[in-house]
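The numbering used here applies: residue 1 is where the sequence shown begins, and numbers increase by one. Every residue, glycine too, gets a C-beta built ideally from N, C-alpha and C.
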Amino acid sequence: MANTRTKYIFMTGGVVSSLGKGLASSSIGSLLELRGLKVIFLKFDPYINVDPGTMNPFQHGEVYVTDDGAEADLDLGHYERYSNVKTSKKNNFTTGQIYDSVISKERKGDYLGSTVQVIPHITDEIKSKIFDLAQDVDIVIVEVGGTVGDIESLPFLEAIRQIRGDVGRENTLYIHLTLVPYIQTAGELKTKPTQHSVKELREIGIQPDILLCRTDRMLSPDVKAKIALFCNVEKDAVITAKNVETVYEVPIVFHQEGLDEKIVEKLNIWTGRPNLKGWERVVKKVKHPRFETTIALVGKYVSLVESYKSLTEALIHGGIANDARVNLKYIDSEQVEKEGPECFLKDANGILVPGGFGTRGIEGKIKAIQYAREKRIPYFGICLGMQCAVIEIARHCAGLKGANSSEFDTHTPHAVIYLLEEWIDRDQVAQKRASDTPKGGTMRLGSYPCRLEEGSLALEAYNKRLINERHRHRYEFNNDYMDILGKAGMVFSGVSPDMGLIEIIELKGHPWFLGCQFHPEFKSKPMDPHPLFREFIKASLRRGKRKPDRARVSKKRREMKGG
Ligand code: GLN
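(1) Check whether the stretch 329-345 and the stretch 259-272 touch, using three or more Cβ-Cβ pairs below 8 angstroms as the test.
(2) What does the alpha-carbon distance come out to for the pair residue 414 and residue 113?
(3) For residue 450, which of 422, 517, 286, 478 has the nearest alpha-carbon?
(4) Please report the residue range of the beta strand (DSSP E) in which residue 44 lies.
(5) Compute every distance between the C-beta of residue 477 and the non-hydrogen atoms of ligand 1, then say whether any falls below 7 angstroms.
(6) Tell me the rounded alpha-carbon separation between residue 321 and residue 205.
(7) May I ask whether a heavy atom of ligand 1 can be found less than 7 angstroms away from the beta carbon of residue 472?
(8) Quick one: any contact between the stretch 98-113 and the stretch 62-76, if contact means 3 or more CB pairs under 8 angstroms?
(9) Pairing CB atoms from the stretch 38-58 with CB atoms from the stretch 200-220, are three or more of them under 8 angstroms?
(10) Is residue 456 closer than 8 angstroms to residue 506 when the C-beta atoms are compared?
(11) With a 10 Å radius around its C-beta and 16 neighbouring C-beta atoms as the bar for buried, classify residue 170 as buried or exposed.
(12) Roughly how many angstroms separate the alpha carbons of residue 248 and residue 468, rounded to a whole number?
(13) Are there three or more Cβ pairs, one per stretch, closer than 8 angstroms when the stretch 29-44 is compared with the stretch 383-391?
(14) Measure the alpha-carbon distance for residue 184 versus residue 241 and round it to whole angstroms.
(15) Look at the alpha carbon of residue 147 and the alpha carbon of residue 61, and state the distance between them as a whole number of angstroms.
(16) Please list, in chain order, all residues of the same chain as residue 345 whose beta carbon is under 7 angstroms from its beta carbon, the five residues on each side excluded.
(17) Between the stretch 470-481 and the stretch 525-537, can you find at least three pairs of beta-carbon atoms closer than 8 angstroms?
(18) When you compare only the Cα positions, how much space is there between residue 509 and residue 294?
(19) So, is residue 442 buried or exposed, given that buried needs 16 or more other C-beta atoms within 10 angstroms?
(20) If you reduce the DSSP assignment to three classes, tell me which class residue 297 lands in.
(21) Helix, strand or coil, according to DSSP, for residue 397 in the structure here?
(22) Does the distance from the C-beta atom of residue 238 to that of residue 219 stay below 8 angstroms?
(23) To which residues of the same chain is residue 275 closer than 7 angstroms at the C-beta, ignoring the five residues directly before and after it?
(24) Any heavy atom of ligand 1 closer than 7 angstroms to the beta-carbon of residue 357?
(25) Can you give the Cα-Cα distance for residue 324 and residue 343, rounded to whole angstroms?
(26) In three-state terms, what does DSSP make of residue 528?
(27) Which parts of the stretch 91-134 are runs of the beta strand (DSSP E), unbroken and 3 residues or longer, counting only runs that do not cross its ends?
(28) Leaving out five residues on either side along the sequence, give the residues of the same chain with a beta carbon under 7 angstroms from the beta carbon of residue 540.
(29) By Cβ distance, which residues of its chain are closer than 7 angstroms to residue 49, with the 5 residues on each side in sequence left out?
(30) Tell me, to the nearest whole angstrom, how far the beta carbon of residue 532 is from that of residue 514; I am working on the premise that it is less than 8 angstroms.
(31) Does residue 336 come out as helix, strand or coil in the three-state DSSP assignment?
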């Protein structure tokens with residue numbers, strides 16, 4: 001049932017997708033936290049998959065992993081980076097999950113013979129997920145994925161519409177994010193798409209209280225007045241959400257537009273003003289760093305940056321910690337496989353191979369790692385990137401011809417990476433699997449402890465012996481090869497205390513070479529950069545430190561301004 005103390009902010013989006021609803025929700029959450037309120041986030045995804053774990057990153061972007069092992073929407077990553085909230089399985093639901101629970105209740109007979117329908121059964125299930133989160137928090141920020149007008153999002157919109165009736169007007173706020181495009185030929189900002197989008201929302205019974213207008217320039221008072229009139233919102237509730245140079249500027253820009261003030265006024269909450277010093281420091285470091293460095297990211301999904309969202313953010317955070325801009329070069333591993341590493345990697349100060357699945361491009365990744373090892377370029381391998389480093393060292397330093405992961409070659413003579421068939425999950429439950437086990441939700445998922453070894457790069461970075469990091473993989477390092485790989489220079493610097501699994505490897509005699517089986521990028525924040533990313537960027541700066549190229553930076557700024 002609804003908690004009477006908690007208030008609800010509902011975020012919807014219109015006109016087109018990718019306007020940054022997740023960033024807007026996160027920035028609002030941050031501003032409210034900085035006003036001393038306790039917030040929590042909930043993301044609804046209208047697709048039918050039970051979770052994004054089985055979806056192609058090309059289509060869906062990164063799969064974010066929570067401590068408790070949910071494979072979740074990447075917006076949960078924004079929520080964690082912008083606020084103090086720790087997300088879990090309760091912070092992201094898909095249509096698939098909602099129907100799944102309604103259908104299993106129906107099978108159990110919970111609906112006592114009634115006809116099970118979208119309204120009220122599906123909408124009640126959606127509402128129960130929202131009310132479940134309303135324990136001990138001041139505000140639940142609910143983001144409805146998709147764009148108003150999509151068939152799929154209708155039950156979610158109907159559920160949030162009903163909540164105003166359930167908990168009262170003063171406890172609910174509807175914020176709608178739309179696009180106000182500048183049309184070059186007319187020399188004008190156009191408000192019509194926003195008007196249409198609000199009309200669509202009103203048709204299903206939701207009158208937005210605040211409009212966030214995504215645009216490339218400030219909205220003039222006239223434009224705001226026009227939008228206010230046609231969309232039936234107050235003039236000062238039309239907020240310019242202007243494009244910014246760094247995403248970490250969004251909370252500052254929203255605050256300057258009076259958004260957080262408007263929200264607390266409408267929800268009738270008394271709070272102090274937010275202190276934005278932390279965000280200002282982050283933005284200053286991102287916009288005006290003293291140094292710059294180039295990192296090559298050798299991966300498969302390089303054509304879609306969303307696929308590596310947390311990773312690219314974590315690299316920026318590593319830059320912030322070192323007062324440096326990180327220039328990322330996305331390199332397609334298949335190209336490296338075909339043309340060799342030299343032409344792609346010779347100007348990189350650091351090389352990173354990220355997580356991934358499937359055989360395509362693997363040999364290119366191994367070549368890139370060999371190049372990093374031989375040329376003594378700092379190397380950071382994450383999950384698959386660690387596994388490929390093990391294969392590379394096995395083949396080229398330990399003489400294990402044909403060494404591979406059994407994921408890529410089931411007949412390899414040396415399965416240095418193999419499928420762990422029996423293991424203990426986070427809840428201490430024994431699990432079994434084989435290569436033909438169903439794909440969804442069967443990985444080693446979520447946070448696991450790792451003990452760091454004395455004298456290692458890892459311990460130097462974390463400066464503590466026991467760490468916890470998030471995992472998402474099936475395959476593991478094969479401990480039968482510890483001796484021979486140890487003799488070849490591999491250092492096993494992180495081990496899981498309960499299962500004896502190898503979590504981190506390093507390489508003796510190399511300036512900085514580290515592979516980890518977990519995904520550190522999920523825990524990095526702009527105000528608290530992850531130690532491994534901080535040290536990797538530091539090592540890359542030792543290899544090649546440059547002052548930023550001012551001309552290129554100002555050109556980028558001009559482009560951002562739309563000039
Ligand atoms: N494909 C590898 C595995 O399943 C690595 C996964 C990853 O990089 N996240 O173990």
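Walking through what the data contain:
(1) Not touching, per the Cβ criterion.
(2) 59 angstroms
(3) 517
(4) Its beta strand (DSSP E) spans residues 39-45.
(5) no
(6) 47 angstroms
(7) Yes, ligand 1 has a heavy atom inside 7 angstroms of this Cβ.
(8) no
(9) no
(10) Yes.
(11) exposed
(12) 26 angstroms
(13) Touching, no.
(14) 19 angstroms
(15) 17 angstroms
(16) 296, 351, 368, 371
(17) With contact defined as three or more Cβ pairs closer than 8 angstroms, the stretch 525-537 and the stretch 470-481 are not in contact.
(18) 23 angstroms
(19) exposed
(20) strand
(21) coil
(22) yes
(23) 34
(24) Checking every heavy atom of ligand 1 against the Cβ of residue 357, one is found closer than 7 angstroms.
(25) Taking C-alpha positions only, residue 324 is separated from residue 343 by approximately 24 angstroms.
(26) strand
(27) For the stretch 91-134, the continuous beta strand (DSSP E) assignments of 3+ residues that do not extend past its boundaries occur at 92-94, in sequence order.
(28) 293, 295, 349, 350, 378
(29) 55, 94, 96
(30) Confirmed, Cβ separation roughly 7 angstroms.
(31) Looking at residue 336 - three-state DSSP - the assignment turns out to be helix.
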